[in-house]
Every structure is written in structure tokens, then in C-alpha cells.
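Sequences listed follow chains A and B, in order. The first sequence lines up with residues 1 to 415 when you count with my numbering. The second sequence lines up with residues 1001 to 1168 when you count with my numbering. A short write-up of the structure that comes next.
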Amino acid sequence: MAHVLLRHRDIPNLNQLDVYQKNGGFEAFQKAVTAMKPNEVTDVVKASGLRGRGGAGFPTGMKWSFIDNKNWPHYVVANADESEPGTFKDREIMESNPFQFLEGLALASYAVGANAAYIYLRGEFWQVAALLDEKIADMEKAGLLGEKLFGSDYSLKIYTHLGAGAYICGEETALLESIEGKRGQPRIRPPFPPAYGLYGKPTIVNNVETFTNVPLILAYGAEWYKSMGTPDSAGVKIFSLSGRVKKPGNYELPFGTTFRELVYNYGGGILDDRPVKAIMPAGASSSLIVVDDKALDTPMDYASVRTLGADLGSASVIVIDDTVSIDWVINKTIHFFKHESCGKCTPCREGNHWMLHLTERIHSGEGSQNDVSLLLNVAKQMQGKCLCALGEFATMAVVTGIERFPQDFQKAVKA
Amino acid sequence: MSLAQKYPNEVNQIMAKYPPEHKRSAVMPLLYLAQREEGYVTKDALKDIAQMLDITETDVASIVGFYSLYHDHKAGKYRMQVCTDLPCALRGADKFLADLCGNLGIQVGETTADGLITIEAVTCLAACDKAPMFQTQGPDGIKYHENMTVDKTLELIEALKSAGKEVK
Ligand SMILES: Cc1cc2nc3c(=O)[nH]c(=O)nc-3n(C[C@H](O)[C@H](O)[C@H](O)COP(=O)(O)O)c2cc1C
Ligand code: SF4
Ligand code: FES
Chain A
1 MAHVLLRHRD
11 IPNLNQLDVY
21 QKNGGFEAFQ
31 KAVTAMKPNE
41 VTDVVKASGL
51 RGRGGAGFPT
61 GMKWSFIDNK
71 NWPHYVVANA
81 DESEPGTFKD
91 REIMESNPFQ
101 FLEGLALASY
111 AVGANAAYIY
121 LRGEFWQVAA
131 LLDEKIADME
141 KAGLLGEKLF
151 GSDYSLKIYT
161 HLGAGAYICG
171 EETALLESIE
181 GKRGQPRIRP
191 PFPPAYGLYG
201 KPTIVNNVET
211 FTNVPLILAY
221 GAEWYKSMGT
231 PDSAGVKIFS
241 LSGRVKKPGN
251 YELPFGTTFR
261 ELVYNYGGGI
271 LDDRPVKAIM
281 PAGASSSLIV
291 VDDKALDTPM
301 DYASVRTLGA
311 DLGSASVIVI
321 DDTVSIDWVI
331 NKTIHFFKHE
341 SCGKCTPCRE
351 GNHWMLHLTE
361 RIHSGEGSQN
371 DVSLLLNVAK
381 QMQGKCLCAL
391 GEFATMAVVT
401 GIERFPQDFQ
411 KAVKA
Chain B
1001 MSLAQKYPNE
1011 VNQIMAKYPP
1021 EHKRSAVMPL
1031 LYLAQREEGY
1041 VTKDALKDIA
1051 QMLDITETDV
1061 ASIVGFYSLY
1071 HDHKAGKYRM
1081 QVCTDLPCAL
1091 RGADKFLADL
1101 CGNLGIQVGE
1111 TTADGLITIE
1121 AVTCLAACDK
1131 APMFQTQGPD
1141 GIKYHENMTV
1151 DKTLELIEAL
1161 KSAGKEVK
């Protein structure tokens, strides 16, 4: 099947404006601005069933319809922070199919009446930001951005903004604080960004991949989009496959593709043909799924993955084989979360500190079964008490690791 | 020399991105500009940026402290930041880092004797399918180096060495 998002894999030089336009590029944007009312664009997106690709899966059209029309100006912000370990899809989109992403961002801006949009990129995407700046300049020259577009009254500017190495800035309110020139610490919600966002103004924040779906939804219609995927999870998703597989990489597949197809057909199977032991479907924030035939045959859509005691999240599928011990895995994930906790609330700041201490001890072979119980206890104490989801994310692999792979911890403490 | 004197065009471009009443937003791009040459943000630069944006030096310093890509002390000309996070570690990143350090005769966090390279271990850089990988942070910005081996890395270091000589 032809790609919807990774279309550069089918069409050479799609990152050049003339090639993108020859392949229908910016027709949807022009049509929207000249022939559709903003809320009609939102209605199409709503009808398509598109859900946010940043992790939470929130219905995109519904989010856009929440924009507060009594308070102006409005902003749209693209979340290109892409810092969840195991996630590398937005980078490929921006590097290789930048105009489709930018057109989606422009369509969203038109739909909610924003005349300025920001792209927040993690600081490490320095080269990607430079490339997007070039592409934005190309669009300005071609009259696709700027004042009174296509002879209408609508004007739009797009700007890039680089973060500087902080995972928490992927959380949308921390991201907005960061654009405002502050430390990236989450705000207390509600109010949510569609009511109170950038500079206190109504703001829509979406993931890069979410925006990239929009131009083709407008071009081919909601029914076309819904014909792919499952009723609960419409359309296609980019799965970032990493870990102990032969062919790691990004694979764009319809929702509902099984783990088995992803790992074996696309990923080429496991290194040295070992058995799969565990899968983390949502990066380091994920619960650990115990892999058996039933798990492998589970379709990857939001509802089905939940039946395995995990969330699909950003669909960053980390594959772990039987050469790997789970106590080492959670030592790695907690190392990450300890480093990335923003320190604003005590349970997350202190909890991660203790969890790192304990996972280090257990992994080094100096731990006892008491340390394992204490670790589980600390993780459970944190749950439900943190200001933002990072605190919760940190506990997922710890709790499911200890509960679902007890034998690995018994071995680690005895040895 | 102030940033505005040294990089007038870039400073103007940065300020134009944000509404004039929210110029504090420019603090992050200005900090990147400030550390471009020395590899870290000097006390003078903190003062300069604070004045430009009508915020306190403490405000600017708190941004430097919060974000891991800003530095308040000098290191090697290039920071070589190897990803050892879970997905890369599942593909041999820890061993790569250990071998590289062994070859250079330094530990993680240390700088080579010629002041060229500081080795650091960092978390995921969104290149997990191309491990082992690292980024270099230096005067020419941040660059990715993917699917690396120790040999390829030593070649890169040689190239950085001779590039530095030409510039001088
Ligand atoms: C700790 C944390 C990190 C996050 N990181 C990202 C990220 O890197 N990229 C992203 O798009 N969303 C990230 N999110 C989700 C955002 O807060 C937000 O839900 C998302 O950008 C909304 O876009 P969507 O509706 O298109 O998914 C993160 C959330 C949390 C709590
Ligand atoms: S849960 Fe952690 S990351 Fe989130 S606000 Fe609290 S300290 Fe910061
Ligand atoms: S884990 Fe190393 S780049 Fe993602």
C-alpha cells in the first residue's frame, strides 16, 4: 500500500517544494482558505476519527473545536520535542516529508484562526530546525505563507523554536512555558491550552505526525481515512521499532496490525533468532508486556493493546529478547526518568531518586528481596500523586517489570 | 562585545519571531548564540541577555541550569554525547562507549589532553534504529553521527582535529 505519511519513500525528492506541489501539495490548504469556513475544516478532521499521535490519543477535531473564540489571538504549536526513548518518527517526517507536515500545520492554523504557529523542536534537532527554516522560506517565496494568502484575508507565519535538552518539554504545558522563555515545568491543568495556552491565549498543541495526516484527510475525505485502521483507531500510524530486532526502523501501518506482523514481517524477527521476552509498546514510559502467542497476535490499536495491560501511546515499540534481564531494563528507564524529572513536585522528584538508588543496587547484585519490595512500594506510592504524567510514566516499567517478571528479580538479588 | 554588536542579523531575526511584548521568549535562542564560540555561557553573556530582555541575571541563569544543552563551564571544543538509553543499549551502546573511552584513554565526563573532545553519556536522541550513535555539540552546532563504530569515530576525531588547524 502506498504510504500516507512516509510518502517520501514512494515519491523521490518529495522534500522539494515543486515536487510536493506536483503531487497535489498545498491544494488542500488553498482550497480550505479560499472555499471553506474554518469550522468546516475542523468538521472534516472530526469526522475522520483522527486521534492525537503524541501519546494520549485525544480526538484531534474535538480538540480544535475547544478553541476559545472569545479570546484572541490564537496560536497553534507543533510538538516536535520527540524525546520519548524509542521514538524517532517525527524526525523522519520533518527531514523527508517536511511540506506535508507544514501544510497540516497551516490547515490547523486556518481551522482555529491562528495567524502565528510555532514548531517546538527538541534542541538536538538543530539540523532539522535549520532545514525547516529553509522550507518555510520556500513557502513564503511561493506565496503559501505570509499576508492575505491566495487573495483572502487570511495571513499566517510559521516559526521554529529550539528547546535545549529536557524531555519534560514534550508535555504540552511545559512546552508552552519553554517557548515563553521559562523553565519547562508543567502548569496545573485545567485550564487546558485551548482556553489558556501560549502567552495565556487559546492554543492548539498537536504532535508532528498528527498534523501530517491532515492534508490527505482534506484531500481524500474522512471516509477514505476511516477505511483504514479499526473503528476505535482510524487510519495509519508510524510504528518506531527498536531494540533486539533485525531491522529496526519506522514502519507506517494501519492501526490493527498485529505485534507479530510488525516484529517478524517488517522487523525481520529477533537478532540471532532468539525468542521475544517482552515488548514496551510506548517507549520507556510503557508497561512491560509479557510476550506469548496471544500477545503477538494482538492488534496494535488503542483498545486492544489495553487488554494486554499496557497503552499504545506513541507506538514506540521496544523489543526485548530472552538475553536481557528486566532488572537491567528498569535500571535504564529509571536512569532516564530520574534525569528528566523537572523537580516541581515531591513524589516524582524524590520517588525517582529512590527508585534509581534501588534499581542500581538490585542490578549490581547487591540488592535483597526487601529492596525489590521497597522499590515496588515506592513506585506504587508515586502513582496518582504527581502533577504531570511523567511521574506516572516512571512507575510503569518498574511496577509491571517486578510483577510480571519476578524470576528476573529473584535471580538478580541472589546472584 | 555584546551579542547585538557581534551578531546583529541573527539577534534581529530571533527577536522578530516573538511578539514584542513577550521578548523573554528569545532567551533560549540567544543562549545558543551566546555559547556558540566558547562552548559555554559566560557571566558577561548572562548579564547581556538579561539586559536585552528586561529580566534578571538569575532568571537567565535558571534557564541555563534547567536545560541540559546549555553549559556554564568550559569543556572540550566538541562534546561527544553518546546515547546509552534503553533502545540503543539493547544494540550495544554501552560497549561502544566503553571501547571508545578505552581507545581515547579517558573516562566518561573527561576531556582529551588536547582539549578537543569531551565524552558524555546521554539519554535518547531519537535515532534508536541507528545505534550506536552520538551527537557532537560544538562551534558548528549539533550534528548526528549514526551507525557508528569505534574506528569510524576515531576517523571523525582525526577530521575534527585537522579542521580545527585549518581554521586557525
Ligand atoms: C512527560 C511527557 C512527555 C511528552 N512528550 C511528548 C513528545 O515528545 N511529543 C508529543 O507530541 N507529545 C508528547 N507528550 C504529549 C503532549 O503533552 C500532548 O498530549 C501532545 O503533544 C498533544 O498532541 P496530540 O493530540 O497530537 O497527540 C508528552 C507528555 C508528557 C506527559
Ligand atoms: S510529575 Fe515530575 S516531571 Fe511532572 S511536574 Fe512533577 S516533578 Fe515535574
Ligand atoms: S535510545 Fe539512543 S537514540 Fe533513542
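Yeah, the Cβ is synthetic: ideal placement off N, Cα and C, and Gly gets one too.
Integer Cβ distance of residue i from residue j, believed to fall under 8 Å
{"i": "Ser48 (chain A)", "j": "Ala284 (chain A)", "result": "Rounded, the Cβ-Cβ distance is 30 Å, inconsistent with contact."}
{"i": "Glu252 (chain A)", "j": "Leu50 (chain A)", "result": "With a Cβ gap of about 15 Å, Glu252 (chain A) and Leu50 (chain A) do not count as contacting."}
{"i": "Ser152 (chain A)", "j": "Val19 (chain A)", "result": "About 26 Å; that fails the 8 Å criterion."}
{"i": "Gly165 (chain A)", "j": "Leu1053 (chain B)", "result": "Contact flag wrong, Cβ pair sits at about 21 Å."}
{"i": "Pro194 (chain A)", "j": "Lys63 (chain A)", "result": "6 Å"}
{"i": "Val44 (chain A)", "j": "Leu175 (chain A)", "result": "Contact flag wrong, Cβ pair sits at about 27 Å."}
{"i": "Leu131 (chain A)", "j": "Pro98 (chain A)", "result": "7 Å"}
{"i": "Leu1090 (chain B)", "j": "Pro85 (chain A)", "result": "Incorrect: roughly 11 Å between the Cβ atoms, too far for contact."}
{"i": "Cys1083 (chain B)", "j": "Val1108 (chain B)", "result": "Cys1083 (chain B) to Val1108 (chain B), Cβ: 13 Å. No contact."}
{"i": "Asn206 (chain A)", "j": "Thr60 (chain A)", "result": "6 Å"}
{"i": "Ile93 (chain A)", "j": "Thr173 (chain A)", "result": "Between Thr173 (chain A) and Ile93 (chain A) the Cβ distance is about 24 Å, and since that is not below 8 Å, they are no contact."}
{"i": "Tyr159 (chain A)", "j": "Tyr118 (chain A)", "result": "5 Å"}
{"i": "Asp68 (chain A)", "j": "Ala80 (chain A)", "result": "So it is not a contact: roughly 24 Å between Cβ atoms."}
{"i": "Lys1161 (chain B)", "j": "Leu1116 (chain B)", "result": "6 Å"}
{"i": "Lys157 (chain A)", "j": "Leu145 (chain A)", "result": "6 Å"}
{"i": "Lys1095 (chain B)", "j": "Pro1139 (chain B)", "result": "Incorrect: roughly 30 Å between the Cβ atoms, too far for contact."}
{"i": "Thr400 (chain A)", "j": "Met382 (chain A)", "result": "Not a contact, Cβ separation roughly 14 Å."}
Minimum C-alpha distance to residue i - residue among the options
{"i": "Lys237 (chain A)", "options": "A:Ala130, A:Leu149, A:Thr210", "result": "A:Thr210"}
{"i": "Asp273 (chain A)", "options": "A:Arg244, A:Lys31, A:Arg189", "result": "A:Arg244"}
{"i": "Tyr110 (chain A)", "options": "A:Ala142, A:Ser227, A:Leu218", "result": "A:Leu218"}
{"i": "Val1189 (chain B)", "options": "B:Tyr1032, B:Glu1037, B:Arg1079", "result": "Residue 1189 (chain B) lies beyond the residue range present for chain B, which begins at 1001 and ends at 1168; the question has no answer from this structure."}
{"i": "Glu955 (chain B)", "options": "B:Gly1102, B:Gln1137, B:Lys1047", "result": "Residue coverage of chain B in this structure runs from 1001 to 1168, which leaves residue 955 (chain B) outside it and unanswerable."}
{"i": "Gly249 (chain A)", "options": "A:Leu121, A:Phe255, A:Thr230, A:Gly269", "result": "A:Gly269"}
{"i": "Ser103 (chain A)", "options": "A:Glu403, A:Ile320, A:Leu17", "result": "The question names Ser, yet the displayed sequence has Glu at residue 103 (chain A). When only C-alpha atoms are compared, the closest one is A:Leu17."}
{"i": "Lys277 (chain A)", "options": "A:Asp293, A:Lys294, A:Asp322", "result": "A:Asp322"}
{"i": "Lys417 (chain A)", "options": "A:Phe239, A:Lys226, A:Arg361, A:Val399", "result": "Lying outside 1 to 415, the shown extent of chain A, residue 417 (chain A) is not represented and no answer is given."}
{"i": "Asp10 (chain A)", "options": "A:Gly57, A:Ser96, A:Phe29", "result": "A:Ser96"}
{"i": "Asp327 (chain A)", "options": "A:Gln127, A:Ile362, A:Trp224", "result": "A:Ile362"}
{"i": "Ile168 (chain A)", "options": "A:Lys344, A:Val413, A:Asp408, A:Lys31", "result": "A:Lys344"}
{"i": "Ile334 (chain A)", "options": "A:Phe88, A:Gly313, A:Lys294, A:Ala397", "result": "A:Ala397"}
{"i": "Val214 (chain A)", "options": "A:Glu27, A:Pro12, A:Phe409, A:Gly170", "result": "A:Glu27"}
{"i": "Ser316 (chain A)", "options": "A:Ser240, A:Ser83, A:Lys157", "result": "A:Ser240"}
{"i": "Tyr75 (chain A)", "options": "A:Val112, A:Phe101, A:Leu107, A:Gly57", "result": "A:Val112"}
{"i": "Ala142 (chain A)", "options": "A:Gly25, A:Glu350, A:Phe101", "result": "A:Gly25"}
{"i": "Lys246 (chain A)", "options": "A:Lys338, A:Ala295, A:Val319, A:Arg349", "result": "A:Val319"}
{"i": "Glu177 (chain A)", "options": "B:Ala1004, B:Ile1063, B:Asp1151, B:Met1001", "result": "B:Ile1063"}
{"i": "Ser325 (chain A)", "options": "A:Phe336, A:Asn352, A:Ser364, A:Ala295", "result": "A:Ser364"}
{"i": "Tyr302 (chain A)", "options": "A:Phe66, A:Pro254, A:Trp224, A:Cys386", "result": "A:Pro254"}
{"i": "Val329 (chain A)", "options": "A:Arg53, A:Leu288, A:Arg349", "result": "A:Leu288"}
- Determine which residues of the region 169-185 of chain A have a Cβ less than 8 Å from any Cβ of chain B, and write them out in chain order. Ser178, Ile179, Glu180, Gly181, Lys182, Arg183, Gly184
Worksheet item: Within the chosen definition, does the region 255-275 of chain A reach the region 367-379 of chain A through at least 3 CB pairs nearer than 8 Å?
Response: no
- Query: Going along the region 1077-1102 of chain B in order, which residues come within less than 7 Å of chain A, judged by CB to CB distance?
  - Reply: Asp1085, Leu1086, Pro1087, Ala1089, Leu1090
Note down, one range per segment and in chain order, each beta strand (DSSP E) of at least 3 residues found wholly within the region 1086-1145 of chain B. 1117-1122, 1134-1138, 1141-1145
| message | List, from N- to C-terminal side, the beta strand (DSSP E) runs of 3 residues or more that fit wholly inside the region 49-125 of chain A. | response | 74-80, 114-121
Listed in chain order, which residues of the region 85-100 of chain A have Cβ atoms closer than 9 Å to some Cβ of chain B? Pro85, Gly86, Thr87, Phe88, Lys89, Asp90, Arg91
| task | For the region 175-213 of chain A, list the beta strand (DSSP E) runs that are entirely contained and at least 3 residues long, ordered along the chain. | result | 203-207
Q: Quick one: which residues of the region 1118-1140 of chain B get their C-beta closer than 9 Å to a C-beta of chain A? List them in chain order.
A: Val1122, Thr1123, Cys1124, Leu1125, Ala1126, Ala1127, Cys1128, Asp1129, Lys1130, Ala1131, Gln1135, Gln1137
Q.
Just to confirm the assignment: which complete beta strand (DSSP E) runs, minimum length 3, are found wholly within the region 213-296 of chain A?
A. 236-243, 249-254, 276-280
Q) Taking Cβ-Cβ distances below 7 Å as the criterion, which residues of the region 107-135 of chain A are in contact with chain B? A) Gly123, Glu124, Trp126, Gln127
Checklist entry - At a Cβ cut of 9 Å, what residues of the region 1019-1031 of chain B count as close to chain A, listed as they run along the chain? => result Pro1019, Glu1021, His1022, Lys1023, Arg1024, Ser1025, Ala1026, Val1027, Met1028, Pro1029, Leu1031
Inset, instruction - Could you run through the region 235-253 of chain A and flag, in chain order, every residue whose CB is less than 8 Å away from some CB of chain B? - result: Ser240, Leu241, Ser242, Gly243, Arg244, Pro248, Gly249, Asn250
Listed from N- to C-terminal order along the chain, which residues in the region 190-206 of chain A have their beta-carbon within a distance smaller than 7 Å of any beta-carbon of chain B?
Tyr199
Contact residues within the region 280-291 of chain A, judged by C-beta distance below 9 Å to chain B: Met280, Gly283, Ala284
Original post:
On the three-pair Cβ rule with 8 Å, is the region 339-354 of chain A touching the region 302-309 of chain A?
Top reply: no
Taking any Cβ of chain B, which residues in the region 288-320 of chain A have a Cβ under 9 Å from it, in chain order? Ser316, Ile318, Val319, Ile320
Segments of 4+ residues assigned as alpha helix (DSSP H) that fall wholly inside the region 333-366 of chain A
346-363
| said: Does the region 1124-1134 of chain B come into contact with the region 1154-1162 of chain B, if we say contact requires no fewer than three beta-carbon pairs (one atom in each stretch) closer than 8 Å? | reply: no
Q.
Along the region 344-362 of chain A, where does the CB come closer than 7 Å to a CB of chain B? Name the residues.
A. none
Sufficient close CB pairs (3 or more, under 8 Å) joining the region 1012-1022 of chain B to the region 400-410 of chain A: no
Residues of the region 71-86 of chain A with Cβ closer than 8 Å to any Cβ of chain B, in chain order
Glu82, Ser83, Glu84, Pro85, Gly86
Query - Residues, ordered as in the chain, of the region 1056-1067 of chain B that lie near chain A by beta-carbon distance below 8 Å - result: Ser1062, Ile1063, Phe1066, Tyr1067
*Which of the residues in the region 1140-1161 of chain B, read from start to end, lie with their CB under 8 Å from any CB of chain A?*
Gly1141, Ile1142, Lys1143, Tyr1144
Problem set entry | Three-pair Cβ contact test at 8 Å for the region 181-194 of chain A versus the region 33-42 of chain A | no
- Give, in chain order, every residue of the region 2-33 of chain A whose Cβ lies closer than 7 Å to some Cβ of chain B. none
Validate contact between the region 1019-1029 of chain B and the region 1040-1058 of chain B using beta carbons, cut 8 Å, 3 pairs: yes
**Message:** Give the list of continuous alpha helix (DSSP H) stretches no shorter than 4 residues that lie fully inside the region 1012-1093 of chain B.
**Reply:** 1027-1034, 1043-1053, 1057-1066, 1086-1089
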